[in-house]
Amino acid sequence: MARVLLDTHALVWWVEASEKLSRRARAILEDAGTSVYVSAVCAWELAIKAHIGKFKSRVLVNGFSRQIEEEGFLELPIVIKHAVRAGSLGGFHKDPFDRMLVAQAQIENLPILSSDKVLDEYDVRRVCRVW
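First residue of the sequence shown: 33, per the numbering used here; consecutive thereafter.
Here it is as structure tokens:
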């Protein structure tokens, strides 16, 4: 069974049925044989961005767990080993949310589904270029 970890923007594009999500990415997420993981860091990032006015969808923020469950996705909690790894990563990416996703992907051996090219600088598997 294939497994992937969603970057926050990919999650938002999926939930909003945005055309920004490529057909290839959509096919991966629609495949019943794919276990899709959503990090707790995505909820944290969206809540902060909603609070400061950079993200408008209160539905996804307020109903995050329900939405993830309805999509059939799996929650990936943040644990101490993830935090330690995120804090010790090289300085390619200053975004703490993306650094956490990289740490989780490395530790949990999950490829990341993301359009963020900076993630290529890290020792992390990517779902082949889907954008």
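C-beta atoms are modelled at their ideal positions from N, C-alpha and C, and glycine is treated no differently.
- Judged by DSSP in its simplified three-state form, L142 adopts coil rather than helix or strand.
- For the 8 Å CB-CB criterion, L108 and Q136 form a contact.
- Looking at the backbone, the Cα of K88 and that of L106 are separated by about 24 Å.
- Under the three-state reduction of DSSP output, L78 falls in the helix class.
- CA-CA distance, V93 to L78, rounds to 6 Å.
- Contact between V36 and Y69 holds: their C-beta atoms lie close to 7 Å from each other, under 8 Å.
- Taking C-alpha positions only, V156 is separated from V134 by approximately 7 Å.
- Out of W76, L38, A72 and A34, the CA that lies nearest to the CA of V111 is found in A72.
- In this structure, T66 places its C-beta atom within 8 Å of the C-beta atom of A34.
- If you draw a 10 Å sphere on the C-beta of A115, you find fewer than 16 other C-beta atoms in it, and that means exposed.
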